[in-house]
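What follows is a single structure, written as structure tokens, with notes after it.
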Amino acid sequence: MEKLAINGGKSVRKEKLWILKPYFGKEETNAASRVIKSGIVEGGNKISEEFEEKLAKYLGVKHCIFLNSCTAALHLALILTKSFNGELISPTYTFTSTAMVGLHNKLNPILADVEYETANLDVNSFEEAITKKTRAVMPMHFAGHACDMDRINKIAKENNIFVIEDAAHAIGASYKGKKLGAISDLGCFSFHGTKNLVCGEGGALVTNNDIWAEKVHILKEKGTKKHFFAKEKDRLGRTFEAVSAGFSFIQSDILAAIALEQLKKLDKMNGMRDSIAKYYNSKLSKLSLIKAPTIKEYAKTNWHLYMIKVPKEHKDFIIQALNKEGISANIHYKPLHLHSLYNKLGYKKGDFPNAEKVFDTYVRLPLYPGMTKKDREDVVHAVDKVVTYINEKF
Numbered sequence: 001m002e003k004l005a006i007n008g009g010k011s012v013r014k015e016k017l018w019i020l021k022p023y024f025g026k027e028e029t030n031a032a033s034r035v036i037k038s039g040i041v042e043g044g045n046k047i048s049e050e051f052e053e054k055l056a057k058y059l060g061v062k063h064c065i066f067l068n069s070c071t072a073a074l075h076l077a078l079i080l081t082k083s084f085n086g087e088l089i090s091p092t093y094t095f096t097s098t099a100m101v102g103l104h105n106k107l108n109p110i111l112a113d114v115e116y117e118t119a120n121l122d123v124n125s126f127e128e129a130i131t132k133k134t135r136a137v138m139p140m141h142f143a144g145h146a147c148d149m150d151r152i153n154k155i156a157k158e159n160n161i162f163v164i165e166d167a168a169h170a171i172g173a174s175y176k177g178k179k180l181g182a183i184s185d186l187g188c189f190s191f192h193g194t195k196n197l198v199c200g201e202g203g204a205l206v207t208n209n210d211i212w213a214e215k216v217h218i219l220k221e222k223g224t225k226k227h228f229f230a231k232e233k234d235r236l237g238r239t240f241e242a243v244s245a246g247f248s249f250i251q252s253d254i255l256a257a258i259a260l261e262q263l264k265k266l267d268k269m270n271g272m273r274d275s276i277a278k279y280y281n282s283k284l285s286k287l288s289l290i291k292a293p294t295i296k297e298y299a300k301t302n303w304h305l306y307m308i309k310v311p312k313e314h315k316d317f318i319i320q321a322l323n324k325e326g327i328s329a330n331i332h333y334k335p336l337h338l339h340s341l342y343n344k345l346g347y348k349k350g351d352f353p354n355a356e357k358v359f360d361t362y363v364r365l366p367l368y369p370g371m372t373k374k375d376r377e378d379v380v381h382a383v384d385k386v387v388t389y390i391n392e393k394f
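Using the numbering used here, the letters of the sequence shown map in sequence onto residues 1 to 394.
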């Protein structure tokens, strides 16, 4: 048995393998440089519109609006659906934005439990959480694995509830052949530096509703009709109208240029992730103590994250030991009901046992495009080394 680095042995790697890394090339650098040299660097211009058109086509939707974050998209989605003065259902195992945007729209966040196997919204828990005050539900496709959208959409329709997909993790992933984010009333995406399509910071809202799309263009530009005015031919001596309250949610064309180049190679990047995940699955499934990710038959994941399941009593040691071996490993979300904000709303430990089990047993391993053959072999070597030690020690 190899001596663990945490116990004074030699580590698998000298230089640490990070848990994620954006996949950039000269294409992104050149595209951003062209926009900078053009002098037209603000948002809403030619490059942003090209990105919106191409992403809409890729997803199979009528409208895509490029924004400065997924949080902005989620917030606007609630405004579009006029989901006020009621309740918003979201999974407790998600980033705070999914539920927090409800507070900005006078909606009480109603948390629901998740399935242990996928960490996605548990449909039964969602259904039990519905009341006469429920206005919308935000299923979040954790790690790029689809929620059970047929069941969610059916229940929502029966109860007159809007479905807003939080597809922050899910660009390029699908459910029964349909791209995630394009299956319900509205879809919201993230292009944050940690995501599968990266432009640093950014997001998008997608819909097939013409009226909603027009309204988003107004809301994102401080409540003005600047987007539509810019398309008019005779603008000299005139300006655009402010027609409502709004927000500064527009995104720079510099970042749109980066996002556009990322979109061109999105399928390639997701394919690279898939190849690495398959390698992990083939090797790690042979080890005791740990369990590889579960993929449902209806889902084609984009492998945004690779999460293994480990025994609760060994989780902290496994994370520490892997990091000492030069392999980044960590937890992901802490369930919302364990955060102080949601404690103030009446939630407490013990409310959602599956989400707490996910928190106690899920460990994230490195997975990103550009990982070398040696990188992935080192990950498996380190996991095997740590698991072997635990098996013999305990």
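Cβ atoms here follow ideal geometry from the backbone N, Cα and C, with glycine treated the same way. Predicted model only: the values in this text are computed from it and were never measured.
Cβ-based burial, residue i [other Cβ within 10 Å; buried from 16]
i           : result
residue 124 : exposed
residue 255 : buried
residue 196 : buried
residue 234 : exposed
residue 380 : buried
residue 212 : buried
residue 83  : buried
residue 303 : buried
residue 162 : buried
residue 135 : buried
First and last residue of the uninterrupted beta strand (DSSP E) at residue i
i           : result
residue 198 : From DSSP, residue 198 is part of no beta strand (DSSP E); its letter is neither H nor E.
residue 307 : 306-309
residue 91  : 86-91
residue 190 : 186-190
residue 163 : 162-166
residue 109 : 107-112
residue 365 : 362-365
residue 135 : 134-137
Contact test: residue i Cβ vs the ligand GDP heavy atom, cutoff 7 Å
i           : result
residue 368 : This structure does not include the ligand GDP; it has no bound ligands of any sort.
Straight-line Cα distance separating residue j from residue i
i           : j           : result
residue 329 : residue 193 : 18 Å
residue 66  : residue 203 : 6 Å
residue 317 : residue 363 : 11 Å
residue 309 : residue 280 : 13 Å
residue 119 : residue 236 : 55 Å
residue 139 : residue 52  : 23 Å
residue 284 : residue 273 : 16 Å
residue 147 : residue 267 : 21 Å
residue 126 : residue 154 : 12 Å
Residue i - containing alpha helix (DSSP H), residue span
i           : result
residue 32  : 26-38
residue 269 : 266-284
Beta bridge counterpart(s) of residue i as assigned by DSSP
i           : result
residue 258 : For residue 258, which the question treats as bridged, DSSP gives no partner whatsoever.
residue 100 : Paired residue(s): none; residue 100 is not in a bridge.
residue 206 : 64, 187
residue 174 : 179, 300
Assumed close pair residue i, residue j - CB separation to whole angstroms, cut-off 8 Å
i           : j           : result
residue 289 : residue 387 : 5 Å
residue 121 : residue 342 : The pair is not a contact, with the Cβ atoms about 16 Å apart (cut-off 8 Å).
residue 88  : residue 102 : 4 Å
residue 180 : residue 164 : That belief does not hold up - the Cβ atoms of residue 180 and residue 164 are roughly 12 Å apart, past 8 Å.
residue 446 : residue 333 : Given a span of 1 to 394 for the chain in the structure shown, any question on residue 446 remains unanswerable.
residue 104 : residue 301 : The pair is not a contact, with the Cβ atoms about 31 Å apart (cut-off 8 Å).
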